[in-house]
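For the record, the sequence lines run as chains A and B.
For what it's worth, this note's numbering labels the leading residue of the first sequence as 1, then goes sequentially.
For what it's worth, this note's numbering labels the leading residue of the second sequence as 1, then goes sequentially.
Accompanying notes for the structure given below.
Number of protein chains: 2
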Amino acid sequence: MDNRPIGVFDSGLGGLTAVRELARIMPEEDLVYFGDTGRVPYGGRSRETIIRYARQDVAFLSTFRPKAIVVACGTVSTTALDVLKTEWAVPIFGVVEPAARAAARCTKSGRVGLIGTKATIRSGAYERALDALRPGTRVVARACPLLVPLVENGRYQPGDIVAETVVAEYLSPIREETVDTLMLGCTHYPLLKPLIARYMGPEVTLVDVGEQCAKWVAGQLSGQGLRSGRTVPGKHRFFVSDDSGDFAALASAFLGEDVGGEVKEIDITVY
Amino acid sequence: MDNRPIGVFDSGLGGLTAVRELARIMPEEDLVYFGDTGRVPYGGRSRETIIRYARQDVAFLSTFRPKAIVVACGTVSTTALDVLKTEWAVPIFGVVEPAARAAARCTKSGRVGLIGTKATIRSGAYERALDALRPGTRVVARACPLLVPLVENGRYQPGDIVAETVVAEYLSPIREETVDTLMLGCTHYPLLKPLIARYMGPEVTLVDVGEQCAKWVAGQLSGQGLRSGRTVPGKHRFFVSDDSGDFAALASAFLGEDVGGEVKEIDITVY
């Protein structure tokens, strides 16, 4: 039994989709979220810069003495997780392994689609994980650099002509390959789920990496006797590196709960 | 006569459209460019963060002992220029004043459109400058947060369905107001000029803020006897805060000249 908080971070708002799942599955846990809104998006940056930013994110969350840290960011999970794990003693969980396991379970045809940021697709991390779990799986991967800016700007509703056009362009080569499973390889993408589901059709299963990661983390913590013993709801705290005024409103929409006055701004470059 | 370089900076690639104009008008000048590619885009961030980033950008360029610094960034020009000017002795030029002068000259109807980042539109800086120059001018302003990500990803050609859709959505309310002049209030936007021109029609004059700024700076330097006395072409040096591999290729396209091996990566956070 361990009442310390779970730390969660992402480049911006996307990781809140993982927070929502963590809070749903483990309502008694304290959660501390950091969104690096002063430097979002990460996905088009170099490996070196992503690692540098991720080190600071983990260092900040470590000040809360968390029992675990969740990298709720596809870009960091695919590009910097191994480095972070060698540098920190706290258990650090990324989104790749649980998502690959879910995709390996879901696919019947062995044809799996993958969308992510430039850095995620460049890393080949999802492909390696899937190949280890289900050798011979064919992965049709596509970098989608405009999806994070769209979601961060609140443009993800079905009927949004710009979002519809961008999604159709990115997904059409994947749909042509008749995959039966599509991995949403970035925690920003679940917001686009209704729109993506309509485009891909009902025969394609969407794997939400944040959701899978939350389930995986809950299982790991339970297995290691690290769950909280509380019987009351845990506290949720939110930190950002820049608040341009609309974070709280957008975040509330992402979470399905009010984050109102709870958002604090910090200087991430001092960590 | 002054052979010191001119420093130029932007959040990313956009400022290169101003560099192109500066090099065309003043080929004998040395230019030092800094693109903050590790933290691009600036336009959706808070005023405080934009000022913090801009201070570091100026501090870095100051290490070259420039005779002038050009803020080739609409967001910084509208949000941080006054602060920077009070803090540095070197002459600092932004894009607002020269662009507003051009728009005031161009418009016959007194109905002027303005597009820019969220921070630029929030600042009201173009409106204030225009009102001082041509009282009663009606400015129809629109924030276009997705245009910088589009341009930074090389998506600006006519025929690009995503770029066409985004531009049409942003510009339709401005076109409906029958403006005769449209200020492209961000140095990223000139890349979209052919596409924007086609959408707005031939009766609307487009004001390129980088181009106007370059002309203004040339005039100011000449007036103060600060032009270079060289008869050979000046050197152009390029610095970025992150090089994800495609900067040189994209930058060459923006500039119409090869920047090949000349791009150096620096850590902007130490300035």
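The beta carbon of each residue, even a glycine, is placed where N, CA and C say it ideally should be.
Please check the pair residue i and residue j, which I expect to be a contact at CB under 8 Å, by giving their CB distance rounded to whole angstroms.
i: Asp2 of chain B; j: Leu226 of chain B; result: 4 Å
i: Phe9 of chain B; j: Cys73 of chain B; result: 7 Å
i: Ile196 of chain A; j: Val167 of chain A; result: 6 Å
i: Val95 of chain A; j: Ser77 of chain A; result: 5 Å
i: Ala104 of chain A; j: Arg134 of chain A; result: 4 Å
i: Thr187 of chain A; j: Ala18 of chain A; result: 5 Å
i: Ala163 of chain B; j: Leu150 of chain B; result: 6 Å
i: Leu84 of chain B; j: Gly154 of chain B; result: Contact doesn't hold; Cβ gap of about 30 Å is too wide.
i: Ala218 of chain A; j: Met26 of chain A; result: 5 Å
i: Lys235 of chain A; j: Asp30 of chain A; result: 5 Å
My output table needs one value for residue i: the three-state DSSP class, helix, strand or coil.
i: Glu176 of chain B; result: helix
i: Val232 of chain B; result: coil
i: Met200 of chain B; result: helix
i: Gly113 of chain A; result: strand
i: Asp131 of chain A; result: helix
i: Leu16 of chain B; result: helix
i: Asp215 of chain A; result: The amino acid at residue 215 of chain A is misidentified as Asp; the sequence shows Lys. Helix at Lys215 of chain A.
i: Val162 of chain A; result: helix
i: Glu265 of chain B; result: strand
i: Leu146 of chain B; result: coil
i: Thr205 of chain A; result: strand
i: Val259 of chain B; result: coil
i: Val240 of chain B; result: strand
i: Arg101 of chain B; result: helix
i: Gly210 of chain A; result: helix
i: Val8 of chain B; result: strand
i: Gly140 of chain A; result: According to the sequence displayed, residue 140 of chain A carries Val and not Gly. Val140 of chain A falls in the strand class under three-state DSSP.
i: Leu22 of chain A; result: helix
i: Thr181 of chain B; result: strand
i: Val95 of chain B; result: coil
i: Leu226 of chain B; result: coil
i: Cys326 of chain A; result: Within the shown structure, residues of chain A are numbered from 1 to 271, placing residue 326 of chain A beyond reach of any answer.
i: Gln157 of chain A; result: coil
i: Tyr170 of chain A; result: helix
i: Tyr189 of chain B; result: helix
Between the Cα of residue i and those of the options, spot the shortest distance and give me the residue it belongs to.
i: Gly44 of chain A; options: B:Glu265, B:Phe254, B:Phe247; result: B:Phe247
i: Leu54 of chain A; options: A:Phe64, A:Asp82, A:Glu28; result: Residue identity differs from the one stated: residue 54 of chain A is Ala in this sequence, not Leu. Selected option, being the one with the closest Cα: A:Asp82.
i: Ala125 of chain A; options: A:Ile266, A:Val263, A:Val166, A:Gly185; result: A:Gly185
i: Leu182 of chain A; options: A:Gly154, A:Thr86, A:Ala99; result: A:Ala99
i: Val179 of chain B; options: B:Ile25, B:Val263, B:Leu114; result: B:Leu114
i: Phe64 of chain A; options: A:Val32, A:Val240, A:Ala89; result: A:Val32
i: Arg39 of chain A; options: B:Asp242, B:Val263, B:Arg122; result: B:Asp242
i: Glu203 of chain A; options: A:Val112, A:Val95, A:Tyr170; result: A:Val112
i: Asp160 of chain B; options: B:Thr75, B:Leu191, B:Arg24; result: B:Leu191
i: Lys118 of chain B; options: B:Val148, B:Ile92, B:Val139, B:Ala132; result: B:Val148
i: Leu221 of chain B; options: B:Lys85, B:Phe93, B:Asp57, B:Ser77; result: B:Phe93
i: Glu257 of chain A; options: A:Ile6, A:Arg4, A:Leu16; result: A:Leu16
i: Glu97 of chain A; options: A:Pro194, A:Leu130, A:Ala89, A:Val58; result: A:Leu130
i: Ile174 of chain A; options: A:Val151, A:Val162, A:Leu206, A:Gly154; result: A:Leu206
i: Glu28 of chain B; options: B:Gly14, B:Pro5, B:Glu169, B:Ser46; result: B:Pro5
i: Gly14 of chain A; options: A:Tyr189, A:Ile268, A:Val240, A:Ile25; result: A:Tyr189
i: Lys264 of chain B; options: B:Arg237, B:Val270, B:Ala253; result: B:Arg237
i: Val274 of chain B; options: B:Leu22, B:Arg52, B:Gly7; result: Nothing can be reported for residue 274 of chain B, as the shown portion of chain B is limited to 1 through 271.
i: Arg20 of chain B; options: B:Glu87, B:Asp57, B:Val70; result: B:Val70
i: Ser144 of chain B; options: B:Thr137, B:Gly116, B:Met26; result: Here residue 144 of chain B turns out to be Cys, not Ser, going by the sequence shown. Looking at the Cα atoms, B:Gly116 is the closest of the given residues.
i: Val259 of chain A; options: A:Val240, A:Asp267, A:Pro194, A:Ser123; result: A:Val240
i: Ala23 of chain B; options: B:Thr137, B:Ser228, B:Thr75, B:Gln157; result: B:Ser228
i: Val90 of chain B; options: B:Leu61, B:Ala214, B:Ala80, B:Ala102; result: B:Leu61
i: Gly245 of chain A; options: B:Pro41, B:Ser46, B:Phe34; result: B:Ser46
i: Thr49 of chain B; options: B:Gly201, B:Ala80, B:Glu211; result: B:Ala80
For the ligand FAD, I want to know if residue i counts as a neighbour, meaning its beta carbon is within less than 8 Å of at least one of the ligand's heavy atoms.
i: Leu81 of chain A; result: No copy of the ligand FAD occurs in the structure displayed, which carries no ligand at all.
Could you please tell me which residues of the stretch 153 to 173 of chain B, in chain order, have their CB closer than 8 Å to any CB of chain A? So the list reads Asn153, Arg155, Ile161, Val162, Thr165, Val166, Glu169, given in the order they occur along the chain.
I'd like the ranges of any beta strand (DSSP E) spanning at least 3 consecutive residues and lying wholly in the stretch 29 to 92 of chain A. Qualifying beta strand (DSSP E) stretches, in chain order: 31 to 35, 68 to 71.
For the stretch 29 to 52 of chain A, which residues have a CB atom closer than 7 Å to at least one CB atom of chain B, in sequence order? Answer set for the stretch 29 to 52 of chain A: Gly38, Arg39, Gly44, Arg45, Ser46, Thr49.
Give the residues from the stretch 139 to 153 of chain A that approach chain B closer than 9 Å (Cβ to any Cβ), ordered along the chain. Listed by position, the residues of the stretch 139 to 153 of chain A near chain B (Cβ gap below 9 Å) are Pro145, Leu146, Val148, Pro149, Leu150, Glu152, Asn153.
To be precise: take each residue of the stretch 57 to 88 of chain A, compare its Cβ to all Cβ atoms of chain B, and keep it if any distance is under 9 Å. Which residues remain? Within the stretch 57 to 88 of chain A, no residue has a Cβ lying closer than 9 Å to any Cβ of chain B.
Which residues, in chain order, does the stretch 252 to 269 of chain B contribute to contact with chain A at a C-beta distance below 7 Å? Against chain A - using a Cβ distance shorter than 7 Å - the residues of the stretch 252 to 269 of chain B are Thr269.
Can you pull out the residues from the stretch 8 to 25 of chain A whose beta carbon lies closer than 9 Å to at least one beta carbon of chain B? So the list is empty, because no residue satisfies the distance condition.
Which of the residues in the stretch 201 to 224 of chain B, read from start to end, lie with their CB under 8 Å from any CB of chain A? Result list empty, no residue passes.
Pull out every residue of the stretch 98 to 125 of chain A whose Cβ sits closer than 7 Å to any Cβ of chain B, in chain order. Here the close residues number zero.
When you check each C-beta in the stretch 226 to 242 of chain B against every C-beta of chain A, which residues fall closer than 7 Å? Residues of the stretch 226 to 242 of chain B whose Cβ lies closer than 7 Å to any Cβ of chain A, in chain order: Asp242.
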